[in-house]
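Residue numbers (the working numbering): 127 to 885.
Here you go:
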């Protein structure tokens with residue numbers, strides 16, 4: 127048994143999404159505020175809390191007006207004395223819903239016998255809807271209209287008291303139905319479960335899930351049937367380390383997110399190792415040792431307090447009939463872990479003259495936060511696993527022979543907190559193995575574990591196969607709703623099986639640690655010079671762009687197009703800064719020359735945008751043809767060199783046709799490079815600009831670039847005293863302007879308005 131997918135509706139930014147689950151580890155990725163946390167929270171609210179902690183801010187904002195309209199209709203009917211048929215159906219479509227779709231294997235029917243939608247259920251897929259709905263719609267109606275009437279009576283009394291004067295401004299609760307539910311949603315709404323029809327499952331359309339409507343004859347289950355099928359554990363993102371946590375319970379069990387590693391070790395000991403809990407033969411020795419220590423300590427306490435107690439008795443208390451005071455101990459094994467030094471870190475000192483030196487110990491809060499976080503998360507995963515498998519003393523909590531849940535769902539939010547990149551990669555590779563490290567698990571198909579991890583880390587993402595990634599994509603207000611919402615993209619669908627492009631993209635992203643899955647937009651550049659200089663151009667000329675989350679990747683024109691399926695699938699706004707790469711009839715690189723029958727050797731320009739080969743056509747292509755609109759929200763623009771009008775010297779002017787970024791930068795700043803000191807390409811460009819004609823200078827630059835060190839040239843440019851005054855090559859400037867305008871159109875989803883920038 128496993129969860130095939132869930133469909134979340136009307137929960138925060140998740141208006142209607144499908145989240146497919148991988149068989150083992152599913153990774154949720156996406157830019158900030160894209161809905162990853164909302165998805166994790168929805169799973170927690172429905173599967174862990176049973177809907178008890180759902181609040182009005184968990185309701186999708188686009189439904190607030192519809193919810194208030196329900197309240198307005200109730201109030202109007204009450205005022206007019208009309209009989210209004212109040213029903214829970216009024217709330218269908220506006221309250222949060224979670225549809226859980228399970229895959230049931232042969233031999234597992236006994237787990238779901240009470241959940242079958244029909245007697246002739248064919249097996250395979252089984253769906254359960256968990257829906258928030260009114261406990262009793264009539265009670266909700268009555269309490270709401272009474273609360274509104276009470277508020278209106280107070281306002282009327284205030285207005286009457288004001289007489290001829292304008293009444294003072296007065297805001298009373300409830301202002302509307304949402305205001306009423308802020309206080310009473312938990313009193314009037316409950317989570318109910320319904321069976322779904324596997325034959326009516328519909329695939330998402332453009333990322334939007336299509337949950338099936340429930341028939342009017344649907345009858346809710348008694349209780350939540352999933353509670354006996356799915357065991358859920360979680361590690362949320364709010365983890366603080368290095369401080370003690372005063373919220374521990376009296377029994378010594380820490381709160382759900384205890385900050386101390388020692389608290390978690392103590393809890394693990396209590397659940398699985400404590401010899402005083404249902405002791406077995408192996409625990410007898412430990413218990414005898416504890417009892418002997420307790421007897422010895424009691425005797426010592428008796429001697430120590432004897433004088434003090436006699437002195438108290440001299441005051442007339444206790445009397446003959448009063449109970450006598452006695453001081454004794456109660457030693458428990460777990461108490462040995464209940465102090466600041468229970469967990470410490472050993473530091474070995476170098477031997478002095480061959481003599482070993484004492485080992486130093488430091489308390490847990492003096493070790494690095496990353497190390498504490500890693501150990502804490504691993505211990506919690508172990509504890510989740512062992513509690514599920516009833517290791518050691520945990521068997522008593524499960525009621526001995528009571529059935530074990532066949533499915534273990536573990537939720538981990540942002541495991542990368544405080545962890546170095548290498549440790550992040552180790553954790554995501556090992557976490558699932560930890561959860562399955564038990565003799566009765568391994569590859570046991572009857573007991574399944576599914577791990578769901580949300581992350582902002584490219585290091586975590588790149589250690590996970592594409593088929594396990596789920597990309598959360600933001601949709602600005604006005605696209606499908608009047609408020610921003612999100613959709614979920616299943617990355618399994620990006621590449622076909624055995625696709626060579628997939629292998630290239632996977633290797634490339636792992637080598638680059640790119641942030642494509644977390645960025646607002648991407649810029650793909652041709653080489654190291656662009657990679658170093660384009661960020662400076664953005665910083666100097668595009669303040670709005672500089673404050674957005676842009677990832678910049680260096681990938682040559684012969685390979686950039688291989689990212690096309692990925693970028694198109696996730697809908698990422700992208701600027702590709704590429705080179706014209708003119709070639710002659712023999713296919714060899716040549717200086718750009720109009721009218722010479724040249725073609726571009728750049729695969730990105732030929733196969734992505736503008737999709738042309740002849741250089742003459744590319745030089746005159748309209749900017750609109752350089753843009754590929756994948757959707758109303760995402761687009762890709764390719765920028766490459768075109769003619770630059772230059773003045774080489776007095777009387778020598780005309781168009782220059784750059785071949786790459788470097789000569790485009792030189793032709794855009796002729797006077798600067800004429801006098802620029804330096805060696806390498808700087809010297810060769812300076813010499814080229816001394817040629818008699820523009821075409822001769824262009825050819826000399828072309829030859830210099832074939833063997834020149836471009837990264838070294840970029841560093842020389844950055845070191846210029848008047849670097850800030852350099853003119854950005856027009857093709858790059860136009861591309862950055864296009865990208866900035868596209869992001870500004872989505873500004874509400876990126877960052878607050880910036881003073882001085884266009885709206």
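Note that CB positions come from ideal geometry on N, CA and C, so glycine has one too.
Residue i: first and last residue of the uninterrupted alpha helix (DSSP H) it sits in
{"i": "residue 742", "result": "741-745"}
{"i": "residue 339", "result": "It is not in any alpha helix (DSSP H) - residue 339 carries neither H nor E in the DSSP assignment."}
{"i": "residue 204", "result": "190-206"}
{"i": "residue 808", "result": "807-814"}
{"i": "residue 359", "result": "Unbroken run through residue 359 is the beta strand (DSSP E), 356-361; no alpha helix (DSSP H)."}
{"i": "residue 673", "result": "Careful: residue 673 lies outside any alpha helix (DSSP H) and carries neither H nor E."}
Cβ pair residue i, residue j closer than 8 Å
{"i": "residue 608", "j": "residue 188", "result": "yes"}
{"i": "residue 176", "j": "residue 317", "result": "yes"}
{"i": "residue 131", "j": "residue 227", "result": "yes"}
{"i": "residue 200", "j": "residue 304", "result": "no"}
{"i": "residue 887", "j": "residue 358", "result": "Given a span of 127 to 885 for the chain in the structure shown, any question on residue 887 remains unanswerable."}
{"i": "residue 593", "j": "residue 301", "result": "no"}
{"i": "residue 92", "j": "residue 705", "result": "The requested residue 92 is not part of the displayed model; the chain covers only 127 to 885."}
{"i": "residue 696", "j": "residue 615", "result": "yes"}
{"i": "residue 783", "j": "residue 719", "result": "yes"}
{"i": "residue 128", "j": "residue 576", "result": "yes"}
{"i": "residue 645", "j": "residue 613", "result": "no"}
{"i": "residue 325", "j": "residue 336", "result": "no"}
{"i": "residue 765", "j": "residue 701", "result": "yes"}
{"i": "residue 749", "j": "residue 860", "result": "yes"}
{"i": "residue 308", "j": "residue 182", "result": "yes"}
{"i": "residue 742", "j": "residue 727", "result": "no"}
{"i": "residue 537", "j": "residue 166", "result": "yes"}
N- and C-terminal bounds of the beta strand (DSSP E) containing residue i
{"i": "residue 128", "result": "128-137"}
{"i": "residue 291", "result": "From DSSP, residue 291 is part of no beta strand (DSSP E); its letter is neither H nor E."}
{"i": "residue 613", "result": "611-616"}
{"i": "residue 686", "result": "That residue, residue 686, is in no beta strand (DSSP E); it is neither H nor E in DSSP."}
{"i": "residue 779", "result": "778-782"}
{"i": "residue 638", "result": "Unbroken run through residue 638 is the alpha helix (DSSP H), 626-638; no beta strand (DSSP E)."}
For residue i, the residue or residues it bridges with in DSSP
{"i": "residue 227", "result": "131 and 253"}
{"i": "residue 580", "result": "154 and 539"}
{"i": "residue 146", "result": "131"}
{"i": "residue 258", "result": "317"}
{"i": "residue 598", "result": "156 and 614"}
{"i": "residue 765", "result": "703"}
{"i": "residue 755", "result": "761"}
{"i": "residue 331", "result": "334"}
Straight-line gap, residue i to residue j (C-alpha atoms, nearest Å)
{"i": "residue 468", "j": "residue 508", "result": "Because residue 468 carries a pLDDT of 49, less than 50, the predicted location of this residue cannot be relied on, and no value is offered for it."}
{"i": "residue 685", "j": "residue 730", "result": "7 Å"}
{"i": "residue 771", "j": "residue 787", "result": "16 Å"}
{"i": "residue 795", "j": "residue 789", "result": "10 Å"}
{"i": "residue 694", "j": "residue 755", "result": "9 Å"}
{"i": "residue 636", "j": "residue 709", "result": "32 Å"}
{"i": "residue 663", "j": "residue 230", "result": "56 Å"}
{"i": "residue 379", "j": "residue 703", "result": "Note that residue 379 scores a pLDDT of 39, beneath 50, so its modelled location is shaky and nothing firm can be said."}
Buried versus exposed, by CB contacts within 10 Å (16 or more), residue i
{"i": "residue 142", "result": "buried"}
{"i": "residue 585", "result": "buried"}
{"i": "residue 274", "result": "buried"}
{"i": "residue 830", "result": "buried"}
{"i": "residue 687", "result": "buried"}
{"i": "residue 551", "result": "buried"}
{"i": "residue 572", "result": "exposed"}
{"i": "residue 557", "result": "buried"}
{"i": "residue 295", "result": "exposed"}
{"i": "residue 498", "result": "buried"}
{"i": "residue 279", "result": "exposed"}
{"i": "residue 259", "result": "buried"}
{"i": "residue 845", "result": "exposed"}
{"i": "residue 896", "result": "Beyond the ends of the chain as shown, which are 127 and 885, falls residue 896; an answer cannot be given."}
{"i": "residue 934", "result": "Outside the displayed range of the chain (127 to 885) lies residue 934, so it cannot be described from this structure."}
{"i": "residue 163", "result": "buried"}
{"i": "residue 146", "result": "buried"}
{"i": "residue 534", "result": "buried"}
{"i": "residue 837", "result": "exposed"}
{"i": "residue 261", "result": "exposed"}
{"i": "residue 367", "result": "Model confidence at residue 367 stands at a pLDDT of 46, short of 50, so the residue's coordinates are unreliable and nothing is read from them."}
Min CB distance residue i to chain B below 8 Å
{"i": "residue 860", "result": "Here chain B cannot be found, since the structure has a single protein chain."}
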